[in-house]
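Quick note on our numbering: the sequence shown kicks off at 1013 and runs consecutively.
Single-structure report; data block below.
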Amino acid sequence: MTHILVTGGAGYIGSHACKALAQAGYVPVTYDNLSTGWQDAVKFGPFEQGDLRDRARLDEVFAKYHPQAVMHFAALSQVGEAMSEPGRYWANNVMGSLTLIEAAVAADCLNFVFSSTCATYGDQDNVVLDENSAQYPLNAYGASKRAIEDILRDFGASHGLNHVIFRYFNVAGADPDGEVGEFHRPETHLIPLMLDAIDGKRDALTVFGTDYDTPDGTCIRDYVHVCDLVDAHVLGLEWLKSGKGSRVFNLGTGSGFSVMEVIEKSQAVTNRAVPHSIGNRRAGDCTRLVSGSDRARDELGWNAKRSTLETMIADAWRWHQNGSYEK
Ligand code: UDP
């Protein structure tokens, strides 16, 4: 059996990746410290609890499974927190990833798929961002991911570490079978917060700023379905296995939606009102992040099947009503 080490496999994107890997015939081994993940989300392969910065524990896990590749999702990923506690982002994300990369190289596991972010690009208004766009992250989250990209390039040159870097735009939706879904505590993301507001699980949604330079004044994001996103990761793994070398790919749809448009679409999909009020801008937010994703389509053969705003919200709503990891 071919084992793949999935860091963060107990989290939102990692758990969906484990399902996609299992469906493609791999054994996903989840490595997660459960700081933000859920053991109940580990359903498709073995679980090994551990921290990214624990080199001895990582060595043990590499020796036990001899994984053919690493998929590295584990990270702190909240923009607001990154603004107030940048040190945690550098320590956990950057130091943790360096420790993981060194352990992988020592174990001769030289295929590495990394979850990076469009937050590495920063604010470049009215530009569709492609993989060659300059990277000017506005917060420690984006900066930490950019630094890890640099580490991967250095280890690629020095140790032959083959890597695929995926820069995600805004990930949304849930497994349509309802086996796994998005469940953050605390929750900070727009769509799950909106769904909570709809059914009264929390107060009204606050729209973070209506004075941006966009048609309705609210920020624009490019939303991609989590199932499409993880499909790209399986393609990335095949890319590495076939010896095509290291490559960066954006993962988005190329279509941007404002916060107000997402609210309107949610009202249409759920047939319920989204209680919301207007608040101040959130520090660290970019005005507009929209992907040029031609490369993933043309080179990987990636085809986003569920990434219409309507399907993403419908899948998230179904999970929201039926799924949870809390006892
Ligand atoms: N947003 C908002 N209210 C919220 C949460 C998010 O208006 O309670 C906005 C946020 O400012 C951004 C967009 O929704 O423009 C998406 O934010 P999210 O945190 O989901 O993802 P991010 O773009 O930060 O990765």
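Don't be surprised by glycine CBs; every beta carbon is placed ideally from N, CA and C.
Computed from a predicted structure; not experimentally measured.
Residue i vs residue j beta-carbon contact at 8 Å
i: I1203; j: I1113; result: no
i: D1135; j: L1150; result: yes
i: D1044; j: A1081; result: no
i: D1240; j: R1318; result: yes
i: V1140; j: H1084; result: no
i: M1046; j: Y1180; result: The sequence shown places Leu at residue 1046, rather than the Met named in the question. It is not a contact, given that the beta carbons lie outside the stated cut-off.
i: V1302; j: L1252; result: no
i: R1300; j: I1210; result: no
i: A1094; j: Y1133; result: no
i: E1199; j: D1208; result: yes
i: A1068; j: T1042; result: no
i: A1053; j: S1089; result: no
i: K1157; j: N1104; result: no
i: D1018; j: P1040; result: Asp is not the amino acid found at residue 1018; the sequence shown has Val there. Contact: yes.
i: L1070; j: A1115; result: yes
i: F1178; j: D1297; result: no
i: M1272; j: T1323; result: no
i: R1294; j: G1092; result: yes
i: G1268; j: G1304; result: no
i: K1277; j: L1205; result: no
i: G1185; j: V1242; result: no
i: D1234; j: N1182; result: yes
i: V1117; j: F1059; result: no
i: G1037; j: R1065; result: no
i: K1076; j: F1056; result: no
i: I1025; j: S1127; result: yes
i: V1260; j: A1316; result: no
i: G1020; j: G1049; result: yes
For residue i: DSSP bridge partner residues
i: F1269; result: R1233
i: N1123; result: N1174
i: L1217; result: H1288
i: I1016; result: P1040 and A1081
i: T1129; result: Y1180
i: L1088; result: DSSP, once it has assigned bridges, lists no residue as partnering L1088.
i: R1300; result: I1232
i: R1309; result: R1309 pairs with nothing; no bridge assigned.
i: V1260; result: I1177
Below-8 Å beta-carbon distance, residue i vs any chain C residue
i: D1187; result: Here there is only one protein chain, and chain C is not present.
Return the chain-ordered ranges of every beta strand (DSSP E) run that is complete within the region 1135-1211 and spans a minimum of 3 residues.
-> Inside the region 1135-1211, DSSP marks whole beta strand (DSSP E) runs of 3 or more residues at positions 1174-1180 and 1182-1184, from first to last along the chain.
Is there contact here, the region 1120-1129 with the region 1223-1230, by at least three beta-carbon pairs under 8 Å?
-> Between the region 1120-1129 and the region 1223-1230, the count of Cβ pairs shorter than 8 Å is below three; the stretches do not touch.
If you pair each beta-carbon of the region 1242-1254 with each one of the region 1288-1298, do three or more pairs fall below 8 Å?
-> Short answer: they don't touch.
Heavy atoms of ligand 1 versus C-beta positions, residues under 6 Å | Proximity annotation: ligand 1 has residues V1091, N1182, T1200, H1201, L1202, L1205, L1217, T1218, V1219, F1220, C1231, R1233, V1271, R1294 and D1297 in chain order, each selected because its CB is closer than 6 Å to a heavy atom of the ligand.
Jot down the residue ranges of each uninterrupted alpha helix (DSSP H) in the region 1022-1074, minimum 4 residues, whole runs only, in chain order.
-> Fully enclosed alpha helix (DSSP H) runs of 4 or longer: 1024-1035.
Okay, do the region 1186-1198 and the region 1328-1335 touch, 3+ Cβ pairs below 8 Å being the bar?
-> Segments in contact, yes.
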